[in-house]
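Engineer:
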Amino acid sequence: MIGSLPMLRGLAGFNKDWLRSDIPAGLSIAAVGLPSAIAYPAIAGLPPETGIYASIVAPIAYAIFGPSKLLIVGPDAATMTVLAAAMAAIIAAEPAAASVDRVAIASALALGVGVFCILAKLLRLGVLASFLSRPILVGFFAGVSLSILVGQINRFTGVKIESDGLLAPVVEILRKAALIHWPSLLFGLAMFALLWIVKAFDLKIPGPVLVVVISVVLSALFDFRGHGMAVVGDIPSGFPSFSLPAVHQMPLSQLVLGSAVIFLVSFGAGIVTARSFGSRTGEDVDANQELIGLGAANIAPGLFGSFPISMSDSRTAINLSTGGVSQLAGLVSAATLVAALVFLHSALRILPIPALAAILATAAISLIDVQELKKIWHISRMEFVFALIAMWGAISFGVLNGVIVAVAATFVYLLRKTMFPRDGLLGHIEGRHGFFDLARFPDARPVEGAAVFAIQGNILFYNADYVRTRLTTVAKELAAGTKCFVLDASAITHVDSTGAVALDAVADALAARDIVFAIADLSQESRGVLERAGVIKKIGTHNLFNGREEALRALIGNSAEQ
Numbered sequence: 001m002i003g004s005l006p007m008l009r010g011l012a013g014f015n016k017d018w019l020r021s022d023i024p025a026g027l028s029i030a031a032v033g034l035p036s037a038i039a040y041p042a043i044a045g046l047p048p049e050t051g052i053y054a055s056i057v058a059p060i061a062y063a064i065f066g067p068s069k070l071l072i073v074g075p076d077a078a079t080m081t082v083l084a085a086a087m088a089a090i091i092a093a094e095p096a097a098a099s100v101d102r103v104a105i106a107s108a109l110a111l112g113v114g115v116f117c118i119l120a121k122l123l124r125l126g127v128l129a130s131f132l133s134r135p136i137l138v139g140f141f142a143g144v145s146l147s148i149l150v151g152q153i154n155r156f157t158g159v160k161i162e163s164d165g166l167l168a169p170v171v172e173i174l175r176k177a178a179l180i181h182w183p184s185l186l187f188g189l190a191m192f193a194l195l196w197i198v199k200a201f202d203l204k205i206p207g208p209v210l211v212v213v214i215s216v217v218l219s220a221l222f223d224f225r226g227h228g229m230a231v232v233g234d235i236p237s238g239f240p241s242f243s244l245p246a247v248h249q250m251p252l253s254q255l256v257l258g259s260a261v262i263f264l265v266s267f268g269a270g271i272v273t274a275r276s277f278g279s280r281t282g283e284d285v286d287a288n289q290e291l292i293g294l295g296a297a298n299i300a301p302g303l304f305g306s307f308p309i310s311m312s313d314s315r316t317a318i319n320l321s322t323g324g325v326s327q328l329a330g331l332v333s334a335a336t337l338v339a340a341l342v343f344l345h346s347a348l349r350i351l352p353i354p355a356l357a358a359i360l361a362t363a364a365i366s367l368i369d370v371q372e373l374k375k376i377w378h379i380s381r382m383e384f385v386f387a388l389i390a391m392w393g394a395i396s397f398g399v400l401n402g403v404i405v406a407v408a409a410t411f412v413y414l415l416r417k418t419m420f421p422r423d424g425l426l427g428h429i430e431g432r433h434g435f436f437d438l439a440r441f442p443d444a445r446p447v448e449g450a451a452v453f454a455i456q457g458n459i460l461f462y463n464a465d466y467v468r469t470r471l472t473t474v475a476k477e478l479a480a481g482t483k484c485f486v487l488d489a490s491a492i493t494h495v496d497s498t499g500a501v502a503l504d505a506v507a508d509a510l511a512a513r514d515i516v517f518a519i520a521d522l523s524q525e526s527r528g529v530l531e532r533a534g535v536i537k538k539i540g541t542h543n544l545f546n547g548r549e550e551a552l553r554a555l556i557g558n559s560a561e562q
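Okay, so the sequence shown: first residue is 1 according to full-length UniProt numbering, each after it adds one.
(1) For Q249, count the other beta carbons within 10 Å of its own beta carbon; 16 or more makes it buried, fewer makes it exposed. Which is it?
(2) For Q456, count neighbouring C-beta atoms within 10 Å of its own C-beta (all shown protein chains included) and say buried if the count is 16 or more, exposed if not.
(3) At the 8 Å Cβ level, is R134 part of the contact set with chain C, yes or no?
(4) Examine the Cβ distances between the segment 178–189 and the segment 403–415 and report whether three or more of them are shorter than 8 Å.
(5) If you pair each beta-carbon of the segment 71–86 with each one of the segment 253–270, do three or more pairs fall below 8 Å?
(6) Have a look at A44 and G114 and give me their C-alpha separation to the nearest angstrom.
(7) Residue range of the alpha helix (DSSP H) that G258 falls in?
(8) Within the continuous beta strand (DSSP E) that includes R432, where are the two ends?
(9) How far does the alpha helix (DSSP H) with A491 in it extend, from its first residue to its last?
(10) Taking the continuous beta strand (DSSP E) assigned at Q456, which residues delimit it?
(11) Compute the Euclidean distance between the alpha carbons of G424 and I90, then round it to the nearest angstrom.
(12) Would you call the segment 189–201 and the segment 302–319 touching, i.e. three or more CB-CB distances under 8 Å?
(13) Do you know how far the Cα of I173 is from the Cα of L71?
(14) Could you tell me the alpha carbon to alpha carbon distance between A387 and S237, rounded to whole angstroms?
(15) Could you name the residues of the same chain whose beta carbon sits closer than 7 Å to that of N261, not counting the 5 residues immediately before and after it, in chain order?
(16) Please go through the segment 80–167 and give each complete alpha helix (DSSP H) segment of 4 or more residues, from N-terminal end onward.
(17) Under three-state DSSP, which class holds G481?
(18) Return the chain-ordered list of same chain residues with a C-beta closer than 7 Å to the C-beta of A361, the five sequence neighbours on each side being excluded.
(19) Among residues of its own chain, excluding the 5 on either side of V285, which ones have a beta-carbon nearer than 6 Å to its beta-carbon?
(20) Would DSSP call V285 helix, strand or coil?
(21) State yes or no: is the C-beta of A507 within less than 8 Å of the C-beta of I539?
(22) How is I459 classed by DSSP in three states: helix, strand or coil?
(23) Is the segment 316–333 touching the segment 161–175 in the sense that three or more CB pairs, one from each, lie closer than 8 Å?
(24) Residues in the same chain with beta-carbon distance under 8 Å from Y53, minus the five sequence neighbours each way, listed in chain order, please.
(25) If contact is defined by three or more beta carbon pairs under 8 Å, each pair taking one atom from either stretch, is the segment 289–301 in contact with the segment 58–69?
(26) What residue does the beta strand (DSSP E) around A518 start on, and which one ends it?
(27) Distance check for A61 and K69, CA to CA, integer angstroms please.
(28) So V100 and L46 are supposed to be a Cβ contact under 8 Å. How far apart are they, rounded?
(29) Of the choices L426, G434, L8, A451, whose alpha-carbon is the least far from that of R440?
(30) Who are the near neighbours of P208 in its chain, counting only those whose CB is closer than 6 Å to its CB and skipping five residues on each side?
(31) Based on DSSP bridge pairs, tell me the residues matched to G74.
(32) Please look up how many angstroms separate the CB atoms of L351 and I56, rounded, as I've assumed it's under 8 Å.
Take a look at the structure:
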């Protein structure tokens, strides 16, 4: 029955034998996810229970609507940082006297992200997942990680930090050194060191789980709260209640912009996670279908007093490593967290804040992918520069504006790759079939009495002037006795009106030297543009050919084939 319901694809083909794998996997996901679920909301100034709520309702929604059997959704450090910036912009746009309900704002943004996911699915915009390139995402997350690290200063030290940015909080804590609560700082650093020891020695128990257990036990034994150390405080018990945030009372423009930015980052990074794990398991990843699952997984937290989520690489890794085979593991994890709320809320309320700071700081450092940065440097210096630009944007302009910088960097990168299309004069090599670039092959010789020129790219408004200059320069330098100039358009898929004007100028330059201008293998779409622009009429329809060989046979009686 389950397999026949398209909305339960993550449970398709279910049989009871899966329970032996999915139940332990779900328990492991909950154990690893609980510490981060409590810690991550602090990044956006939200109460810890909101992270637990998100970790309960989001996996349930994804299990119903998501296409993957193995992906696990949940709170994500990078998404939380973007959320914090979006919330700050909304709060800044509110009237000064207005009361601020941070949970309602976060819930409204979650609903907004879900709506963007559904709209993107309807418009088949899954391609947006590839909009932020891997180098730019790596750089952006490195910048985000530094923002998260700086944000933990107050939690480590117990000192209220009022300044924003990267360096200002560091300067402020140096000025307020006398106010540092040293037991908090020492305990937080000890837990931070413990996390790295667990990682270094590859211990079986997850580091965050060990930190939470030890911190709660020590807090109970030594009354940390009574000695001035901040603790989590009261956490509501039981399942979250349904509520609809008062979206109409919030600044719409900031709400839409914030939702769009969170959607772009969470979906872009989420699909990278999905494809990474999909390549290991052989599971196909359809970005358009994932939009439905991610949309539902964001709408659900928005309706239950929580915040936007993304696809979680840590939870998914735990699911795979413990043998999970379906979305039942996510459902078991959600049920386990409900039980934790009911039975463990008294223990969680004395969890020291410095311990959460240690977990967040470790998560932030994990966002800095040094190996990937080294790989990008080795592969492409230019892409490494764009990674640094994205990192600089997140650090210098804030996370929200940093996304805009990252998007702008993507545009610049794309333009840079297509603004100067590869081109060259072609000739032939004696004894070999085909055409060869004269600049790349020293043995290649130009076709006698003709010039064959190839452009590997579109001719559009932003590169039309370059193409025109390149072609007219080549035309002026052609040897005396050249009868025709054949433009190989096989790699030109689109010419716009500005490109048509450029080719019109080239036709004039060639006509001035009494050289026939011919175009070979022109796409139907580009031909339509050139016809409407009058370029085809100027050069003559008889000078349009299906290929280079046909053009040369017709114009000089030689196909240049050997």
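No residue lacks a Cβ here, since even glycine has one placed at the ideal position from N, Cα and C.
Structural biologist: By the coordinates alone:
(1) exposed
(2) exposed
(3) No chain C is present in this structure, which holds just one protein chain.
(4) no
(5) yes
(6) 19 Å
(7) 252–281
(8) Taken as a continuous stretch (DSSP letters only), R432 belongs to no beta strand (DSSP E), as it is neither H nor E.
(9) No alpha helix (DSSP H) holds A491; DSSP gives it neither H nor E.
(10) 450–456
(11) 53 Å
(12) no
(13) 40 Å
(14) 43 Å
(15) Inspection of the sequence shows that residue 261 is occupied by Val rather than by Asn. Once the five neighbours on either side are set aside, the close Cβ partners of V261 are V82, A86, L400, V403.
(16) 102–122, 134–151, 153–157
(17) coil
(18) L149, Q152, F192
(19) A274, R275, G278
(20) coil
(21) yes
(22) strand
(23) no
(24) P240, P301, F304, G305, S306
(25) yes
(26) 516–520
(27) 13 Å
(28) The Cβ separation is near 12 Å, so there is no contact.
(29) L426
(30) P35, I359
(31) S310
(32) Not a contact, Cβ separation roughly 18 Å.
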